[in-house]
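Numbering (the working numbering), first residue to last: 58 to 423.
All C-beta atoms, glycine included, are put in the ideal place defined by N, C-alpha and C.
All values reported here derive from a predicted model rather than from experimental measurement.
Here is the structure we will look at, set down as structure tokens.
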């Protein structure tokens, strides 16, 4: 019975059910991406006398490529280089092999084998590439062998269109594609040092080596692994610190400015209170942005207002945001404080000083 249970567990679902919004995002994006790609290939091929909706220039492996790009855009095998070069290399290998006149079964098996070797050599592992190699051999006929035109005008061009569609769709729906690379983002202060949250973390080289040893480099990128470790460490620290939330950490009695506060008045507020940033509050109490002190540097126009200087890319928190999430927001160097917003209303502010004081208190207690 125990053995049967283990077998059932081994062959059961290996991943959590995706969120509903992610399922719809991937499905709609994939359909739209394939339609656009088919339309582009039809247009560039001048339709060959056939209507767009009644005839397609797509090839079957594009379905698998589309799945990777739109459903799992963070996979190393879904990245632009892997997709375009992987599919292109597999098609090129298959086209070259067809010139040898081998029996179809032998040609199919050898094409897939050589396609995998080519993709590995080019660091472009892309599972649909195996399907490209196989489909190319199976679709060929003795009197019509595909050539370089097929490789570049169908496979490479079609995959490139899917990649471009994936970049646009994922960006529009809040996903990062292509995925993050180590040291992709510059230090917020323009120095060569690692950001504070990464100084005690394993280096990209160490993480890459670990992924290679575990044979996981095709499943997870180095930067995504680093982010995963950061989040896990922050969550662990938050659990050790107890049920600490933004509501307990935040300042309630805030010094705020209105959206129309002028530059001289802003400078005076910073000089009097010695804050690093000032939140903007509308007359109805709603949150209007955050003005960092650095935004005033180099400004001399007295007509500049607070809302013109507010940074639109800063994150906010809610009353129930836990300590781990607050640590993530304040440790990356992009903002000195986090406004706490509830139902659109500014209710508090958590600064780095608040966070340091809480962590120091926890260290003393432990």
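Whole-angstrom distance between residue j and residue i, CA atom to CA atom
i	j	result
residue 371	residue 365	14 Å
residue 276	residue 60	29 Å
residue 186	residue 385	38 Å
residue 84	residue 77	11 Å
residue 338	residue 395	14 Å
residue 408	residue 287	20 Å
residue 374	residue 218	38 Å
residue 224	residue 261	25 Å
residue 99	residue 209	15 Å
residue 328	residue 321	11 Å
residue 326	residue 282	42 Å
residue 310	residue 397	12 Å
residue 167	residue 220	28 Å
residue 162	residue 202	16 Å
residue 191	residue 232	32 Å
residue 363	residue 378	27 Å
residue 147	residue 189	6 Å
residue 178	residue 184	14 Å
residue 284	residue 102	44 Å
residue 157	residue 205	16 Å
residue 388	residue 274	27 Å
residue 312	residue 330	8 Å
residue 406	residue 336	8 Å
residue 399	residue 418	27 Å
residue 133	residue 357	47 Å
residue 90	residue 415	48 Å
residue 368	residue 211	45 Å
residue 75	residue 140	23 Å
Closest residue to residue i among the options (Cα-Cα distance)
i	options	result
residue 333	406, 349, 323	349
residue 145	171, 124, 164, 131	171
residue 96	317, 214, 330, 226	214
residue 87	69, 352, 304, 119	119
residue 361	324, 190, 410, 411	324
residue 342	327, 404, 285, 321	404
residue 116	155, 182, 207, 314	207
residue 127	264, 222, 263	222
residue 346	359, 317, 382	317
residue 175	234, 191, 142	142
residue 352	392, 378, 388, 377	392
residue 173	150, 284, 155, 312	150
residue 94	114, 81, 82, 75	114
residue 308	412, 159, 155	412
residue 433	184, 406, 155	Since the displayed the chain opens at 58 and closes at 423, residue 433 lies outside it and no answer follows.
residue 196	357, 278, 284, 152	152
residue 121	417, 216, 418	216
residue 234	269, 289, 180, 131	131
For residue i, the three-state DSSP class (helix, strand or coil)
i	result
residue 260	coil
residue 502	Given that the chain is displayed from residue 58 to residue 423, the structure contains no residue 502 and the question cannot be resolved.
residue 402	strand
residue 379	strand
residue 129	coil
residue 408	strand
residue 160	coil
residue 396	strand
residue 217	helix
residue 183	coil
residue 302	strand
residue 201	strand
residue 308	strand
residue 210	helix
residue 246	Below a pLDDT of 50, predicted positions are generally treated as unreliable, and residue 246, at 49, falls in that range; the measurement from the model is reported next regardless. Reduced to three states, the DSSP call for residue 246 is coil.
residue 230	coil
residue 119	helix
Residue environment, residue i, which counts as buried when at least 16 other CB atoms sit within 10 Å
i	result
residue 437	Nothing in the structure corresponds to residue 437, since the chain is present only between 58 and 423.
residue 355	exposed
residue 306	buried
residue 198	exposed
residue 226	buried
residue 64	exposed
residue 381	buried
residue 263	exposed
residue 68	exposed
residue 136	buried
residue 129	exposed
residue 228	exposed
residue 340	exposed
residue 180	exposed
beta-carbon residue i near the ligand SAM non-hydrogen atom, thresh 7 Å
i	result
residue 334	The ligand SAM is not part of the structure shown, which contains no ligands of any sort.
Every unbroken beta strand (DSSP E) inside the stretch 311-369 [3 residues or more] = 334-338, 344-349
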